[in-house]
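full-length UniProt numbering puts the sequence shown at residues 1 to 271.
Cβ coordinates follow ideal geometry from the N, Cα and C atoms, glycine included.
As the structure is a computational prediction, the values presented were derived from the model and not from experiment.
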Amino acid sequence: MVNRVSILGCGWFGTALAVHLLNDGFDVKGSATSKEKVSVLQQRGIPSYNIRLDQEVSLLIPDSDFWLSDALIISSNVKLAANDGYCSGMQNLVQQVKSTAIKKIIFISSTSVYGDHNAVVDDHTACSPDSPSGAVLLELESLLQNIPGVQFVALRFGGLVGPGRLPGSFFAGKKNIPNGLAPVNLIHLEDCIGITALLISLDKLPSRVNGVSPDHPSRAEFYVLAAQHQGFEVPEFIMEKADWKIVGSSFLQERGYAFRISDWKTWLTSL
Numbered sequence: 001m002v003n004r005v006s007i008l009g010c011g012w013f014g015t016a017l018a019v020h021l022l023n024d025g026f027d028v029k030g031s032a033t034s035k036e037k038v039s040v041l042q043q044r045g046i047p048s049y050n051i052r053l054d055q056e057v058s059l060l061i062p063d064s065d066f067w068l069s070d071a072l073i074i075s076s077n078v079k080l081a082a083n084d085g086y087c088s089g090m091q092n093l094v095q096q097v098k099s100t101a102i103k104k105i106i107f108i109s110s111t112s113v114y115g116d117h118n119a120v121v122d123d124h125t126a127c128s129p130d131s132p133s134g135a136v137l138l139e140l141e142s143l144l145q146n147i148p149g150v151q152f153v154a155l156r157f158g159g160l161v162g163p164g165r166l167p168g169s170f171f172a173g174k175k176n177i178p179n180g181l182a183p184v185n186l187i188h189l190e191d192c193i194g195i196t197a198l199l200i201s202l203d204k205l206p207s208r209v210n211g212v213s214p215d216h217p218s219r220a221e222f223y224v225l226a227a228q229h230q231g232f233e234v235p236e237f238i239m240e241k242a243d244w245k246i247v248g249s250s251f252l253q254e255r256g257y258a259f260r261i262s263d264w265k266t267w268l269t270s271l
């Protein structure tokens, strides 16, 4: 049973997850990439540590209490992950985990590992990234998944929306935006937390899970409606459908997971 959880990377998602788990009675520790961010986390009641993975000399602090946990959640910064120093730091992390009592790793990845190949994909679809970020995340998944004695799951989120990430601003006022008829693959923060909490509770982890709402309106439909309801200038899309995918999750279907936000129109009109 998991009681102690460490979250490597308390950004937008990691901080919200930490607060949720603390409220549920877990022993939670977090990390951030600067002392200033660590101070902010500690003010919110989250014991936190300054840990960076994007430097050649990785600041892992091997004797830190951060590593005294049953489960480690790694919430990567995709921009930093493209740095050679970050990959080197992740290799150091693998060695660090081997010397701890950590038994589960939940790696926050992205559906970008599938690429956009005009198809419906699920948890069992072979990956074929067509972007540098997708390729890096797939490489990190491979690096982390074979640590002896540690269960691993790649939790692949779609585009993130929720408090502080209002989609109406994403394309506000822009013209001639391509691919207006392509479906969106999004997930709300509440479901990011809900799915992660579900995985923490499991005795046996699947190797990969897609975290994407089952509702897939077109980009034009979604972002125009978002701008209208959130008070932004309406964007204009080119009504074409190219380089798309629809992401589902057979694992979440089998588990009967009920999405908190499963109808984007209803959510947008309620804001």
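| query | result |
| --- | --- |
| CA-to-CA distance, P214 to F259, given in whole angstroms | 8 Å |
| Of the residues T266, Q253, W264 and I246, the one placed nearest V120, counting alpha carbons only | I246 |
| Pair within 8 Å by beta-carbon distance, R4 and D24 | no |
| Extent of the continuous alpha helix (DSSP H) run through Q228 | R219 to Q230 |
| Residues bridged to H188 [DSSP beta-bridge criterion] | V161 |
| Residue range of the alpha helix (DSSP H) that includes S142 | P132 to L144 |
| The stretch 198-218 in contact with the stretch 157-170 per 3-pair CB rule at 8 Å | yes |
| Pairwise C-alpha distance: L166 and I238 | 22 Å |
| Nearest neighbour of G45, chosen from I51, C10, W67 and L53 [CA to CA] | C10 |
| Beta carbon of I105 nearer than 8 Å to that of L72 | yes |
| T15, buried or exposed, once every other Cβ within 10 Å from all chains shown has been counted against 16 | buried |
| Beta-carbon proximity check, V94 vs L144, cutoff 8 Å | yes |
| 6 Å Cβ shell around K29 - same chain, five flanking residues per side excluded | S6, P47 and F66 |
| Reduced DSSP secondary structure (H/G/I, E/B, other) of K174 | coil |
| Stretch pair the stretch 172-188 + the stretch 32-40: three plus CB contacts closer than 8 Å | no |
| Bounding residues of the alpha helix (DSSP H) (the contiguous stretch that carries G14) | W12 to N23 |
| Same chain, Cβ closer than 6 Å to G173, neighbours up to 5 away in sequence not counted | E233 |
| Limits of the beta strand (DSSP E) - the one that K103 falls within | K103 -> no beta strand (DSSP E), and no H or E assigned at all. |
| DSSP-derived helix/strand/coil call for V234 | coil |
| Rounded straight-line distance, which links the Cα of H124 to that of P132 | 22 Å |
| Beta-carbon gap between H229 and L271 smaller than 8 Å | yes |
| V57 in three-state terms, based on DSSP | Caution applies to V57, whose pLDDT of 43 falls short of 50 and renders its modelled position unreliable; the value that the coordinates give is listed next. Coil. |
| Extent of the continuous beta strand (DSSP E) to which V120 belongs | A119 to V121 |
| Coarse secondary structure for S169, derived from DSSP in three states | helix |
| Other residues of its chain near M90: CB distance less than 7 Å, five sequence neighbours each side excluded | L53, L140 and L143 |
| Alpha-carbon spacing of I147 relative to K98, whole angstroms | 7 Å |
| Local conformation of G256 per DSSP, three classes | coil |
| Cutoff 6 Å; reference I195; Cβ partners in own chain excluding five residues on either side | G211 |
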